[in-house]
Amino acid sequence: MNTVEHGAGRSAASAGSWLGLRPGTLAALVAIAALLVPLSVLSQPADTASPGGVLARLRSRYGLSQSHLGAVDPTGETMRFATLGLKNVAVTLLWDRANHYKKVEDWTNLSAALEQMTKLQPNFYSVWDFQAHNLSYNISVEFDDYRDRYAWVMKGIEFLRQGIGLNQREPRLQGRMGWFIGHKIGKSDERKQFRRLFKADDDFHDRDDPDRTLPERDNWLVARGKYRAGQQLADSGAPLKTTALIYHSEPMMAAINHARAMEEDGTFGAAARDAWSLANEELNRFAQRDIPTSWDVPIQLRLREAEAERARRLADELEALLPGRFAALVARRREALTPEQRAAVEVPGPERTEQQRQEAASARLGVSAREHAAAAALGSPLRTDSTASAGGLSMAPAGAAGH
Numbered sequence: 000m001n002t003v004e005h006g007a008g009r010s011a012a013s014a015g016s017w018l019g020l021r022p023g024t025l026a027a028l029v030a031i032a033a034l035l036v037p038l039s040v041l042s043q044p045a046d047t048a049s050p051g052g053v054l055a056r057l058r059s060r061y062g063l064s065q066s067h068l069g070a071v072d073p074t075g076e077t078m079r080f081a082t083l084g085l086k087n088v089a090v091t092l093l094w095d096r097a098n099h100y101k102k103v104e105d106w107t108n109l110s111a112a113l114e115q116m117t118k119l120q121p122n123f124y125s126v127w128d129f130q131a132h133n134l135s136y137n138i139s140v141e142f143d144d145y146r147d148r149y150a151w152v153m154k155g156i157e158f159l160r161q162g163i164g165l166n167q168r169e170p171r172l173q174g175r176m177g178w179f180i181g182h183k184i185g186k187s188d189e190r191k192q193f194r195r196l197f198k199a200d201d202d203f204h205d206r207d208d209p210d211r212t213l214p215e216r217d218n219w220l221v222a223r224g225k226y227r228a229g230q231q232l233a234d235s236g237a238p239l240k241t242t243a244l245i246y247h248s249e250p251m252m253a254a255i256n257h258a259r260a261m262e263e264d265g266t267f268g269a270a271a272r273d274a275w276s277l278a279n280e281e282l283n284r285f286a287q288r289d290i291p292t293s294w295d296v297p298i299q300l301r302l303r304e305a306e307a308e309r310a311r312r313l314a315d316e317l318e319a320l321l322p323g324r325f326a327a328l329v330a331r332r333r334e335a336l337t338p339e340q341r342a343a344v345e346v347p348g349p350e351r352t353e354q355q356r357q358e359a360a361s362a363r364l365g366v367s368a369r370e371h372a373a374a375a376a377l378g379s380p381l382r383t384d385s386t387a388s389a390g391g392l393s394m395a396p397a398g399a400a401g402h
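Positions 0 to 402 (numbering that gives the first Met the number 0) are the ones given, in order, by the sequence shown.
Spelled out as structure tokens, the structure:
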């Protein structure tokens, strides 16, 4: 009887399984096989004959694929695939290794570690910026001969060039390359030697622009070109991700430094005059450029004087409508200032120290149009609190022109 029951149980178990698998395991395998269909629809890579799956089409639409960001590096793609999801661990180890090689002054292994790091993180801006700064600024000063220093400065600049090739929609890298060429070569203690070596560096200029003439090889002019290239990227829609006011002022400053450097080198006459004309041209370009602000209203620096004059004119018109109101409010507000603020306001703007500028900025004497209109509507004296003018246009009366 027991034998019969045991055989029946074995037959039932065999009927409830397939290839010796439990029913739960079999159900999981079926679910995994079913999920392969939507996964293939989502993650199918793009090729010449097909736009690929949903994710590939989204990457293409928003410019997130490597082919949109810059050149594709087969070696880097293979290395990232070989890490099997441990790319961040490998990058962390490489950062530690690079710092160690820098401390022990093992420059050969440091260069190798940086090369491996860029293969794993080709689109990470900080990798290119930090390590290029390491090469051009921190490592170059470890050498006594200025020619060796120049060689390491150029290693950092070439490192940035490599990053620009892999990140063709990153204006900041163009700006950093311009900064290194301009300031590291043109402002360091060895600037006379560096500028001479840079002008004679055929290898760099042949790679950068083979058609560049000898006068155009001035480091400040080359830096200006890099800044202009970054501006063109930003104007084409590439995200800037840095302070626009400072970034867009760099071509102007490079042109000014070019003119100054020519005079320091003893070059005057027509060449110096042309250099200052170029600086004036860049100044006008900067003044006419729309600069984005944190309140989503672009500004043009050339309009500052015109807008200040318009504010003074409106202030005079409001004063004529309500005689004495502006002067009374300014007098009350002046009495409420601290001694430090009152002293800072009395000093003309260009002559103020940094501390005085901060004190003057915190001393509010202007009267807004909204505040004045509210007082006129209520028929009451103007209030001295700042909440009444939130969002209004501040217009200083004649008595507060120094502010």
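Virtual Cβ for every residue (Gly too), placed ideally from N, Cα, C. All of these numbers come straight from a predicted model, not from anything done at the bench.
Leaving aside the five residues that flank residue 115 on each side, the residues in its chain whose CB is nearer than 7 Å to its CB run, in chain order, 93. With fewer than 16 other Cβ atoms from the protein chains shown falling within 10 Å of its own Cβ, residue 99 counts as exposed. For the pair residue 103 and residue 291, the Cα-to-Cα distance works out to about 45 Å.
If only uninterrupted alpha helix (DSSP H) runs of at least 4 residues are considered, those enclosed by the stretch 166-244 are 170-178, 190-198, 201-207 and 218-234.
Ranking 164, 169, 217 and 211 by CA distance to the CA of residue 180 puts 217 first. For residue 193, the closest of 332, 219 and 210 by C-alpha to C-alpha distance is 219. The residue from 105, 146, 347 and 174 with its alpha-carbon nearest to that of residue 242 is 174. DSSP links residue 300 through a beta bridge to no other residue. Rounded to whole angstroms, the gap between the alpha carbons of residue 269 and residue 315 is 48 Å. Collapsing the DSSP output to three states places residue 25 in a helix. Looking from the CA of residue 141, the closest CA among 191, 32, 204 and 105 belongs to 105. In this structure the stretch 161-174 touches the stretch 107-125; the number of beta carbon pairs closer than 8 Å is three or more. Taking 8 Å as the upper bound for CB-CB distance, residue 301 and residue 286 are in contact here, some 4 Å apart. About 5 Å separates the Cβ atoms of residue 184 and residue 197, confirming a contact at the 8 Å cut-off. Three or more pairs of CB atoms, one per stretch, sit closer than 8 Å, so the stretch 265-285 contacts the stretch 243-256. DSSP places residue 336 outside both helix and strand once states are collapsed to three, so it counts as coil. The three-state reading of DSSP puts residue 20 in strand, counting E and B together. By the criterion of a C-beta distance shorter than 6 Å, residue 222 is surrounded in its chain by 177, 180, 181 and 253, once the five residues flanking it on both sides are discounted. At the C-beta level, residue 297 and residue 229 stay beyond 8 Å of one another. Taking residue 52 as the centre and dropping the five residues before and after it, the same chain places the C-beta of 40, 41, 42 and 43 closer than 6 Å to its C-beta, in chain order.
Straight-line measurement puts the Cα of residue 304 at about 33 Å from the Cα of residue 267. Only residues of its own chain outside the window of five on either side were considered, and among them 250 have a CB closer than 8 Å to the CB of residue 227, listed in chain order. In chain order, 116, 119 and 120 place their CB closer than 8 Å to the CB of residue 90, counting only its own chain and leaving out the 5 sequence neighbours on each side.
Counting C-beta atoms within 10 angstroms of its own C-beta, residue 33 has fewer than 16 neighbours from the protein chains shown and is therefore classed as exposed. Residue 360 and residue 337 have their C-alpha atoms roughly 13 Å apart.
A distance below 8 Å separates the beta carbons of residue 112 and residue 97. Shown here for residue 340: same chain residues with a beta carbon closer than 8 Å to its own, the five before and five after excluded, namely 358, 359, 361 and 362 in chain order. Taking 8 Å as the cut-off, the Cβ atoms of residue 133 and residue 101 count as close. Around the beta carbon of residue 159, 16 or more other beta carbons lie within 10 angstroms, which makes this residue buried.
Comparing alpha-carbon positions, the option among 322, 38 and 344 lying closest to residue 332 turns out to be 344. As a beta-bridge residue in DSSP terms, residue 290 pairs with 298.
Less than 8 Å divides the Cβ of residue 135 from the Cβ of residue 156. Take the alpha-carbon of residue 209 and the one of residue 248: they are about 27 Å apart. Excluding residues up to 5 positions away in sequence, nothing lies with its Cβ nearer than 6 Å to the Cβ of residue 38 in the same chain. Rounded to whole angstroms, residue 122 and residue 238 show a C-alpha spacing of 14 Å.
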